[in-house]
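Peer 1: Residue numbers for the sequence shown, in my numbering: 11 to 466. Heads up, the beta-carbon is just placed ideally off N, CA and C, and yes, glycines get one too.
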Amino acid sequence: MLKSPSVLMVLSQLGRRSEVKLARPLHQMVKMMSKQVQARRLEGIEKNPWVEFVQLASENEAVNLGQGFPDFPPPEFSTEAFKQAVSGDFMLNQYTRGFGYPPLVKILAQFFGKLLERDLDPLKNVLVTVGAYGALFYAFQALVDEGDEVILIEPYFDCYKPMTKMAGGCPVFVPLHPPPAHDGQLMSSGDWQLDPAELASKFTPRTKAIVINSPNNPLGKVYSRAELELIADLCKKHDVLCFSDEVYQWLVYDEEKHISIAILPGMWERTLTIGSAGKTFSVTGWKVGWVLGPDHLLKHLRTVHQNCVYHCPTQAQEAVSSSFERELRFFGQPDSYFVQLQKDVQKMRDHMVNSLLTVGMRPIIPQGTYFLMADISTFKKMMPHLPGSEGEAYDSRFVKWMIKNKGLVAIPVSVFCGSEHKKHFDHYIRFCFMKNDSTFEAMDDKLQQWKKELEP
Ligand SMILES: Cc1ncc(COP(=O)(O)O)c(C=O)c1O
11 MLKSPSVLMV
21 LSQLGRRSEV
31 KLARPLHQMV
41 KMMSKQVQAR
51 RLEGIEKNPW
61 VEFVQLASEN
71 EAVNLGQGFP
81 DFPPPEFSTE
91 AFKQAVSGDF
101 MLNQYTRGFG
111 YPPLVKILAQ
121 FFGKLLERDL
131 DPLKNVLVTV
141 GAYGALFYAF
151 QALVDEGDEV
161 ILIEPYFDCY
171 KPMTKMAGGC
181 PVFVPLHPPP
191 AHDGQLMSSG
201 DWQLDPAELA
211 SKFTPRTKAI
221 VINSPNNPLG
231 KVYSRAELEL
241 IADLCKKHDV
251 LCFSDEVYQW
261 LVYDEEKHIS
271 IAILPGMWER
281 TLTIGSAGKT
291 FSVTGWKVGW
301 VLGPDHLLKH
311 LRTVHQNCVY
321 HCPTQAQEAV
331 SSSFERELRF
341 FGQPDSYFVQ
351 LQKDVQKMRD
361 HMVNSLLTVG
371 MRPIIPQGTY
381 FLMADISTFK
391 KMMPHLPGSE
401 GEAYDSRFVK
411 WMIKNKGLVA
421 IPVSVFCGSE
431 HKKHFDHYIR
441 FCFMKNDSTF
451 EAMDDKLQQW
461 KKELEP
């Protein structure tokens, strides 16, 4: 008998005799190949929260407040622009300039040049990517080397960690700290702060980059100028790059103001500013993103881009470019989509905050984004032993229980932090409030029912 049956042999046996019983499942036999199948850089990053929780949501027909996307139409001017791009000039069906469709890089340079307070060269300072995910991936692949350390601030958008690892880097975590609980008052995401000494202690000679995300997903924190200055000073002191993920920059509420770290003195040269048309015009399916930065950094991202994706879809780029042209005309005025969207989404935020309070969750009021984190400590005390796999964090067990028993989907916050600090975050869950009226009605029905069940 052969010690390691080849995959081909097993497959041909299966083809000949469908009743054949395998001693081991096929995937285990594949493992018996003399060579390791999976690239080592994928080790430890196989599990993905979106795959798991999106699947659970669909199996249970629950109200999906987990994944971050709007379930209402994008602005008509954007969808009209896309229709025009598809039915108009036939050349828009073909490849365009690899580093970005010329009208799009031009308008992005013009638009963001105003915000970043500098002249941007559309050909050198702008790169169009497949969503902000694409921009992030290029940043890590182009600038993080084997053994480099990358500082991630917890809770962080979950892909930063696997992207650091896939580039051969080593993630170094530093948490935002909530203030001590105060007498019944609701907390704001702004109350969560970095400890300056702790942050400074994470910078070492091996630190290559820090990732910041303002407004932050999942907490909704909008970094103040003083907080950005603290980070900027450390970057300059230790000669560290900054990957600044600003995809939610238009969704900032109350009196808050979004500030790009790239405008702080000495930061443009070391910062990549990342944006997403998906978040900007409520079109997450278009997957158009961009990265802005100095040519001496962007040229390395272009090297990655030209050797993997190279072109992004031309028609989607044309539609995004027309949408920005429209926004530039209305910039800062009441008819601006960004102004209207911000007002509408703030109402959604306030609605969700009030609804979650009815069952005893404690939402942390987000200053930005379309997410909020809710504290579920009351439930942790009430029902500490929910079913789950060994070592599974409480928030993950709670979300699974909530999906099955209450018909509501959220995302456990422990997926947004490193294993060392999971314990600090395992009593929070993240909800998305970028939802239409009928989703809100369905959510309120479920919460009212839950409230009744809680009554003595
Ligand atoms: C913080 C953050 N960055 C990047 C992305 C990815 O954006 P895109 O859909 O444009 O790839 C997301 C999407 O949820 C996000 O929340």
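In whole angstroms, give me the CA-to-CA distance for Ser16 and Lys45.
Peer 2: Note that Ser16 has pLDDT 40, beneath the 50 cutoff, so the model's placement of it is unreliable and the number below is only indicative. About 12 Å.
Peer 1: Under 8 Å between the Cβ atoms of Ala177 and His310?
Peer 2: no
Peer 1: Using CA coordinates, which residue listed in Arg372, Asn227, Glu239 and Lys218 is at the minimum distance from Leu251?
Peer 2: Lys218
Peer 1: I need the DSSP call for Met371, collapsed to helix, strand or coil.
Peer 2: coil
Peer 1: Leaving out five residues before and five after Phe340 in sequence, what residues of the same chain have Cβ atoms less than 7 Å from its Cβ?
Peer 2: Ser346
Peer 1: Measuring straight from C-alpha to C-alpha, what distance separates Leu18 and Val140?
Peer 2: Because Leu18 carries a pLDDT of 36, less than 50, the predicted location of this residue cannot be relied on, and the following value inherits that uncertainty. The alpha-carbon atoms of Leu18 and Val140 are separated by roughly 36 Å.
Peer 1: Should the segment 202-210 be called in touch with the segment 237-255, which here means at least 3 C-beta pairs below 8 Å?
Peer 2: yes
Peer 1: Is the CB-CB distance between Ile413 and Asn70 below 8 Å?
Peer 2: yes
Peer 1: Does Tyr446 come out as helix, strand or coil in the three-state DSSP assignment?
Peer 2: Looking at the sequence itself, residue 446 is Asn, so the reference to Tyr does not match. It is coil, neither helix nor strand.
Peer 1: Just grab the DSSP bridge partners of Tyr438 for me.
Peer 2: Asp385
Peer 1: If we count the other Cβ atoms within 10 Å of its Cβ and call it buried at 16 or more, is Lys171 buried or exposed?
Peer 2: buried
Peer 1: Relative to ligand 1, is the shortest distance from any of its heavy atoms to the C-beta of Val257 smaller than 7 Å?
Peer 2: yes
Peer 1: Determine the DSSP secondary structure at Phe253, reduced to helix, strand or coil.
Peer 2: strand
Peer 1: Using C-beta distances below 8 Å, list every residue in its chain close to Pro394, excluding the 5 sequence neighbours before and after it, in chain order.
Peer 2: Tyr404
Peer 1: State buried or exposed for Thr174, treating a residue as buried only when at least 16 other CB atoms are found within 10 Å of its CB.
Peer 2: buried
Peer 1: Leaving out five residues on either side along the sequence, give the residues of the same chain with a beta carbon under 8 Å from the beta carbon of Leu261.
Peer 2: Pro225, Lys289, Leu351, Gln352, Val355, Gly378, Thr379 and Tyr380
Peer 1: Just confirm the distance between the C-beta atoms of Phe291 and Ser333, as a whole number of angstroms; I'd bet it's less than 8 Å.
Peer 2: 5 Å
Peer 1: Are the segment 143-160 and the segment 274-281 touching, with three or more C-beta to C-beta distances below 8 Å?
Peer 2: no
Peer 1: Alpha carbon to alpha carbon, how far is Leu133 from Ser88? Give it in angstroms, no decimals.
Peer 2: 24 Å
Peer 1: Tell whether a beta-carbon distance below 8 Å holds between His431 and Phe183.
Peer 2: yes
Peer 1: I'd like to confirm something about Gly141: is its beta-carbon nearer than 7 Å to some heavy atom of ligand 1, or not?
Peer 2: yes
Peer 1: Is it right to say Asn103 is buried, meaning 16 or more other beta carbons lie within 10 angstroms of its own, or is it exposed?
Peer 2: exposed
Peer 1: Confirm the yes/no value for this check: CB of Phe167, any heavy atom of ligand 3, distance under 7 Å.
Peer 2: The ligand content of the structure shown is limited to ligand 1, which means ligand 3 is not among them.
Peer 1: How about Phe450 and His361: do their beta carbons lie closer than 8 Å?
Peer 2: Taking 8 Å as the Cβ cut-off, Phe450 and His361 qualify as a contacting pair.
Peer 1: Assuming the contact rule is C-beta atoms closer than 8 Å, Leu229 and Leu186 should be a hit. Round their C-beta distance to whole Å, please.
Peer 2: 7 Å
Peer 1: Is there contact between the segment 90-102 and the segment 262-273, where contact requires at least three CB pairs shorter than 8 Å?
Peer 2: Taking 8 Å as the limit for Cβ pairs, the verdict is that the segment 262-273 does not touch the segment 90-102.
Peer 1: Excluding the 5 residues flanking Leu366 on each side, which residues of the same chain have their C-beta closer than 6 Å to its C-beta?
Peer 2: Pro373 and Ala384
Peer 1: With C-beta atoms as the reference, is Phe167 less than 8 Å away from Asp255?
Peer 2: Contact flag set, yes.
Peer 1: Can you tell me whether Asp436 is buried or exposed? The criterion is at least 16 other CB atoms within 10 Å of its CB, across all chains shown.
Peer 2: buried
Peer 1: When you compare only the Cα positions, how much space is there between Trp460 and Leu130?
Peer 2: 53 Å
Peer 1: Give the straight-line distance between the Cα atoms of Pro422 and Asn223, rounded to the nearest whole angstrom.
Peer 2: Rounded to whole angstroms, Pro422 to Asn223 spans 19 Å at the Cα level.
Peer 1: Tell me whether Lys297 counts as near ligand 1, meaning its Cβ is closer than 7 Å to at least one heavy atom of that ligand.
Peer 2: For Lys297, the distance from the CB to the nearest heavy atom of ligand 1 is below 7 Å.
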